[in-house]
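This report concerns only the one structure given below.
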Ligand code: KIV
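Below, the structure is given as structure tokens:
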């Protein structure tokens with residue numbers, strides 16, 4: 211096997227992601243929130259499964275990620291862990307579970323790890339939450355940072371537009387990324403920032419940088435599974451590539467089923483006991 215290809219059997223660990231960056235092998239990451247989807251992604255060879263707080267939008271139908279609770283994230287993470295053998299599973303710490311108080315942040319992270327058996331947590335923010343991240347890291351829990359567009363702060367910024375276009379915000383983002391590396395995070399998600407800035411961050415830090423709407427100059431890519439499979443048709447940002455149109459396929463299948471039930475064609479004698 212070439213050193214530049216993913217080994218489809220070896221368990222993915224945080225250390226392995228750093229090795230992948232070192233040898234220039236791109237990292238693939240997608241979200242999942244349930245057992246069956248996680249099993250499909252894992253068997254397809256995805257490197258990292260993110261139990262994202264985007265579950266608040268795509269699973270629960272909320273307009274933001276804010277309402278999802280720690281209990282709900284743990285429920286999703288447990289289901290994903292049961293369907294995953296090879297991929298590294300990272301769980302988002304939900305809004306309100308880590309911001310105010312580093313002791314509470316540690317207690318939330320410990321609950322995620324203990325109850326779900328997941329392997330790492332992801333936290334939105336930089337210098338403002340440094341103490342919380344440090345406390346979690348001190349307990350031996352791997353942490354992935356998340357900078358740029360941080361959806362949990364939607365009420366502060368008021369839009370989901372591209373972030374860090376201004377020099378001051380870009381400079382803070384680079385500083386935050388270096389700080390996250392220095393205190394021991396194993397990777398960082400950069401969301402919706404200019405591609406050149408993301409490339410610079412990926413060059414200046416040694417931990418993997420995973421982009422979403424951050425261009426191709428980073429160490430890997432993450433998308434929300436429901437968006438890239440076309441299950442969620444209402445979300446079409448420029449950075450999204452759709453690999454399937456499952457909403458249409460499911461709609462056709464359901465319409466055929468309805469027609470067969472109504473006409474009496476289903477079930478046939480062969481499908482009966
Ligand atoms: O919650 C999520 O799905 C995420 C990704 C968009 C990175 O944080």
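Residue numbers (the working numbering): 211 to 483. C-beta atoms are modelled at their ideal positions from N, C-alpha and C, and glycine is treated no differently.
Per DSSP, the continuous alpha helix (DSSP H) segment holding residue 435 begins and ends at 435-438. Using a cutoff of 7 Å, the CB of residue 347 does not count as near the ligand KIV, since none of the ligand's heavy atoms is closer than that.
For residue 386, the enclosing alpha helix (DSSP H) covers residues 377-393. In the pairwise beta carbon analysis, the region 339-358 is classified as touching the region 380-394: at least three pairs are separated by under 8 Å.
Collapsing the DSSP output to three states places residue 431 in a strand.
Within the same chain, and ignoring the five residues on either side of residue 424 in sequence, the residues whose Cβ sits closer than 6 Å to its Cβ are 400, 403, 408. Not one heavy atom of the ligand KIV falls within 7 Å of the beta-carbon of residue 369.
At a Cβ-Cβ threshold of 8 Å, residue 418 and residue 231 count as neighbours. Linking residue 416 to residue 228 through their CA atoms gives a straight-line distance of about 8 Å. At a Cβ-Cβ threshold of 8 Å, residue 440 and residue 452 count as neighbours. Between residue 261 and residue 237, the CB-CB gap reaches or exceeds 8 Å. For residue 357, DSSP records a beta bridge to 400.
Under DSSP, the beta-bridge partners assigned to residue 258 are 239, 298. Going by C-alpha positions, residue 233 is about 10 Å away from residue 429. Between residue 362 and residue 339 a beta carbon distance of about 11 Å is seen, past the 8 Å cut, so the two are scored as non-contacting. Within a 10 Å sphere around the beta-carbon of residue 460 sit fewer than 16 other beta-carbons, which makes this residue exposed. Just so you know, the alpha carbons of residue 346 and residue 247 end up roughly 29 Å apart.
Here DSSP, grouped into helix, strand and coil, assigns residue 290 to helix.
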